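This note's numbering numbers the first residue of the sequence shown as -4 and each following residue consecutively.
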Amino acid sequence: MNFFPPAPARPDSVVEGDTYRFTVLTARLIRMEYSPTGTFADQASFMAINRDFPTPDYRVLQDGRGVEILTEALHLRYSGGPFSPSSLSISLLGHTGTGSNTVWHYGDAQPTTQGDFLANLGGTARTLDEADGAVNIEPGLISPRGYAVIDDSATPLVQNWPTTREKGARDLYYFGYGHAYQDALNAFFALAGKTPVIPRWALGNWWSRYHRYTATEYLDLMDRFAAEKLPFSVAVLDMDWHLTELDPKYGNGWTGYTFNKALFPNPAEFMRALHERNLRVSLNEHPADGVRAHEDAYPAFASALGVADGAPIPFDGASKNYLQAYLDLLLHPLEEQGVDFWWMDWQQGKHTSIAGLDPLWMLNHLTFTDNARVRTDGKPRRPLAFSRYAGPGSHRYPVGFSGDTVVSWDSLAFQPYFTATAANIGYFFWSHDIGGHMFGVKDNELETRWVQLGVFSPILRLHSTNDPFNSKEPWRYGQVGERIQGNYLRLRHQLIPYLYTAAWQAHLHGVALVRPLYYEEPEVMDAYHSSGAFLFGADMLVAPITAPADPRTHLAKAHTYLPGGEWVDFFLGTHYLGGGRRVFWRTLEHVPALVRAGALIPLAEQLFTGAGIPVDQARAPKELTLTFAVPTSSEGNYTSTYIEDAPGAEESPSPAPAQTRMKATWKRQGSQLELHLQGEGVNLPKRVRLRLIGASLDGQGESVLDLGEVDLGALDCHLTLRLAEPDWQARAFELIDQAEISYPLKSDLGRAVSAGDDLALEALAGPQSLVGALREVLRNC
């Protein structure tokens, strides 16, 4: 059980008195400590594991009234005594536009009201259990005021083992990075550790449900998914994998470590069969009820802890002996049978015998770090945990399980905001129950829109409650829902090269896969009022549809601020000029997913092996499709990044990147496009296809070119292409044709579109959704 070494700051960064210590970590980050006894903490905490920052330039002014510290960005004033609003304040220098809000006083609240420009923009929450729409979220590191404060006073210190803080001690961190939001995050990661590179296979589709299977039923379902060409990379079993119906003398069946042999006669063989289908395996675990005498592992566990007479052994998240036996005797034997990682389904409360020690912290740290151990098969293993958020610093233990939400449009509408805002506390990899977990009403449209959101989420996991009528197989949602959901589940696996590049960028540069628009343009007010839309990786923006469609036109709306530059719709090829607010109207087939013009989006070409099973997503694809967003500008260039694991480093606990930069340079004159593609970086030989969006090849049905065997690290390709004009009239006809309105009105709308008469469209008494969609076509044709 490895914990963190001491984390002292450099002596030159410290300003210290009898009962106070200030540590100037950067010109914009200060640690503030108060100790009644003058005993200051150099041990790590669960949040802060490194304080060895280069000492910045600063000045100290001291007199009988207190101490002042000045950096190029901050002015700290402290008049002595216990920290209070009157004794401790920090002014943020040179940050304009928010007036008196640039001064922080100790104890100031950090409201996280959505839509309040002056509020802290929020971090995340422990769980969405039982949520039907929005929940309150904790503060994060980002605020238009330019500063945020993390209070680490209650978090235990950790060296060899967690220890209680001194009573009355205070330990806070002030971040004053203005609107340089990414800089604030990078300082946090320097303090709290980097986001790990998650296993590549974790970015594929996950299957789960909370009602019981037999081993045969589970494998049969995986085979049907494969037959339907629905790829999955992770197989999750909820709690019924273990014994749940117990003799009352043993208590309830929430906690368990013994396979139910009536359902899984040979667990090792079952998990081997899942691995042969290129699926990783996770089992649900609720440790709260400890270990009881019915468990196969009880005799060894009781002996290790000195318990006799079959007495129940309570869970103890503060006991080194208990937790070591928990790993060695409960988890490890099941891992040797085939469990790849654990779903830690929190049920343990928030308290242990060590004041301030949350058992969730301990379980997240232990299960994640232990998951990297070398098992008897000798194969390298990159760790993964699947658990709830335990507070700042939890990003070191991905992936997050958000809990059991209500099936509703309100729940769907909140999740894009919740997921993106978690970037503000460095928590990048939330996994939601796609489709919602429980209650609600079956709604094929709602489920399909949720799957679409899942494709553009950090993790896509289909899951449902213990109800045979609530399950997430696509064929249970009508022919249209089945077809569309299937297309999007396949798209998710195609996107894994792009997603994994973003996962590497999260590790290397602290940039979230899903993040709010204000990271892009923090001085634009509209960017703060587009909470439903988000940036997705380096080169995409998604505006998910989270409300039902107009039943007459079958069109649903999304709206957002669109950052500056040119954008191309990934599905429709429509061009949009950024720098203002946009409204999008889409049928159930599509969701607004926009690509920066000139970007190259790497997509996997092959999803299934010749044997008909999903491709092993631990490995980079041998065939790649580069999707090029064709600009309308006359000339320009744009550089995209593609990162995979270095050959031989796949699944290694210490991964190494193989990074390639792909530059597209273009000149366009009318329908002729001269395109030059250049690669630089690690040699990555692949069979490559080039797919165009935003234009099609003149005289060809498909906009795909086969470039053959290409070394992306030394790519040098010149293309002269003749492009066809976009058929915007066909798009308008399709929108009018599908609408369930009168034929005379259809004719009037068709004539107005053909004439390009935006005013005539507005004057017609057509449904707002249809008129809006047609105006969108006209304005972007």
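Idealized CB from N, CA, C, for every residue including glycine. Just so it is clear, the structure is predicted and the values come from calculations on it, not from any experiment.
- Below 8 Å, enough C-beta pairs join the region 418 to 431 and the region 125 to 143 to call them touching: three or more.
- In the structure shown, residue 338 adopts extended strand secondary structure according to DSSP, grouped into three states.
- Apart from sequence neighbours up to five positions away, the residues of its chain that approach residue 616 with a beta-carbon distance below 6 Å are 599, ordered along the chain.
- Residue environment for residue 155: exposed (fewer than 16 other C-beta atoms within 10 angstroms of its C-beta).
- Taking all protein chains shown into account, residue 57 has fewer than 16 neighbouring C-beta atoms within 10 Å of its C-beta and is therefore exposed.
- Cβ atoms of residue 445 and residue 429 come within 8 Å of each other, at about 5 Å.
- Taking each of 651, 181 and 708 in turn and checking the Cα distance to residue 678, the smallest one comes out for 708.
- DSSP places residue 447 in the uninterrupted alpha helix (DSSP H) bounded by 439 to 450.
- For residue 645 against residue 624, the beta-carbon gap comes to about 29 Å, at or over 8 Å, which does not count as contact.
- The DSSP assignment places complete alpha helix (DSSP H) segments of no fewer than 4 residues inside the region 172 to 254 at 176 to 187 and 210 to 222, in order along the chain.
- Contact annotation, residue 544 with residue 550: C-beta distance approximately 6 Å; criterion of less than 8 Å satisfied.
- For residue 275, the CB contacts under 6 Å within the same chain, skipping 5 residues up- and downstream, are 196, 229 and 335 in chain order.
- For residue 18 and residue 355, the gap between their C-alpha atoms comes out near 29 Å.
- With 16 or more other Cβ atoms from the protein chains shown falling within 10 Å of its own Cβ, residue 552 counts as buried.
- Apart from sequence neighbours up to five positions away, the residues of its chain that approach residue 251 with a beta-carbon distance below 6 Å are 237 and 238, ordered along the chain.
- Going by DSSP, residue 61 is part of the beta strand (DSSP E) stretching over 61 to 65.
- Residue 53 sits in coil when the DSSP states are folded into three classes, being neither helix nor strand.
- For residue 365, the uninterrupted alpha helix (DSSP H) run begins and ends at 354 to 365, by DSSP.
- Non-local beta-carbon contacts of residue 501 in its own chain, meaning distances under 7 Å to residues more than five positions away in sequence, involve 190, 423, 507 and 508 in chain order.
- Residue state for residue 278 is assigned as strand, using DSSP reduced to three classes.
- In this structure, residue 537 sits away from residue 497, with a CB-CB distance that is not shorter than 8 Å.
- Taking C-beta atoms under 8 Å as the contact rule, residue 46 and residue 172 fail to qualify, at a distance of about 18 Å.
- Counting only the Cα atoms, residue 148 lies some 14 Å from residue 16.
- Restricting attention to beta strand (DSSP E) runs no shorter than 3 residues, the region 658 to 691 encloses them at 667 to 676 and 680 to 688, ordered along the chain.
- Residue 7 is a Cβ neighbour of residue 50, given a cutoff of 8 Å.
- Counting C-beta pairs closer than 8 Å gives fewer than three between the region 351 to 368 and the region 175 to 182, which falls short of the contact rule.
- Per the coordinates, the alpha-carbon of residue 77 lies some 21 Å from the alpha-carbon of residue 65.
- Going by beta carbons, residue 10 and residue 55 fall inside the 8 Å limit.
- Annotation: residue 586 is outside any alpha helix (DSSP H) and is labelled neither H nor E by DSSP.
- Taking a contact as a CB-CB distance under 8 Å, the pair residue 735 and residue 547 counts as one, their CB atoms being some 5 Å apart.
- Residue 383 is classed as buried because its beta carbon has at least 16 other beta carbons within 10 Å across all chains shown.
- Annotation for residue 441: 404 and 407 place their beta carbon closer than 7 Å to its own, counting only its chain and skipping 5 residues before and after.
- When the Cα atoms are used, residue 769 and residue 532 turn out to be separated by approximately 30 Å.
- Looking at 534, 680, 710 and 651, the one whose alpha-carbon comes closest to that of residue 635 is 534.
- By the Cβ neighbour-count rule, residue 449 is buried, with 16 or more other Cβ atoms within 10 Å of its own.
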